[in-house]
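Notes for the one structure printed next.
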Amino acid sequence: MARETKIVNDIQDESTAELQAQIAQLKEDIAAIAATLTDMGSRKINQVRQDASDAYNDAYEQGEDALNSLKSSACSVEQQVTDYVQERPVTSLALAAAFGYLVAALTRR
Numbered sequence: 005m006a007r008e009t010k011i012v013n014d015i016q017d018e019s020t021a022e023l024q025a026q027i028a029q030l031k032e033d034i035a036a037i038a039a040t041l042t043d044m045g046s047r048k049i050n051q052v053r054q055d056a057s058d059a060y061n062d063a064y065e066q067g068e069d070a071l072n073s074l075k076s077s078a079c080s081v082e083q084q085v086t087d088y089v090q091e092r093p094v095t096s097l098a099l100a101a102a103f104g105y106l107v108a109a110l111t112r113r
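Numbering (the numbering used here), first residue to last: 5 to 113.
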């Protein structure tokens, strides 16, 4: 009977050791999976940041281009008005007076 008890204890000890080894392996596997997920998340966050930065830079450049185009157009219109006033000073004065009268009439009410 003592021999049977020893055999049972040996089997239990082997089973316990095997289970402990499997648990240790599972812990290592879970840690590796967690590290992989963390790495993937970090890469995704960095990619999203880069994409946002690129979109901002593109929008900024487009805004600058639009502003430069608008400035160019404004300078062109200003030059055309200046040329018109120099070529037709009397007509320009009459138009300015009419515009002033119209603005005064509209703001009086």
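Don't be surprised by glycine CBs; every beta carbon is placed ideally from N, CA and C. Note that the coordinates shown come from a computational prediction; the quantities given were computed from them, not determined experimentally.
Helix, strand or coil for ARG47 per DSSP?
Judged by DSSP in its simplified three-state form, ARG47 adopts helix.
Excluding sequence positions up to five away, which residues of its chain have a Cβ less than 8 Å from the Cβ of ILE34?
Closer than 8 Å at the Cβ level, and outside the excluded window around ILE34, lies no residue.
Leaving aside the five residues before and after ALA56 along the sequence, list all residues of the same chain whose C-beta is less than 8 Å from its C-beta, in chain order.
Cβ neighbours of ALA56 beyond the five flanking positions: none.
Collapsed DSSP secondary structure at ARG112 in the structure displayed:
In the structure shown, ARG112 adopts helical secondary structure according to DSSP, grouped into three states.
Using 7 Å as the limit for Cβ to Cβ distance, is SER73 near chain B?
Judged by its chain identifiers, the structure shown contains no chain B, having just a single protein chain.
Can you tell me whether DSSP reads ARG92 as helix, strand or coil?
DSSP places ARG92 in coil when its eight states are reduced to three.
Could you tell me the alpha carbon to alpha carbon distance between GLU82 and TYR88, rounded to whole angstroms?
Taking the straight line from one Cα to the other gives about 10 Å.
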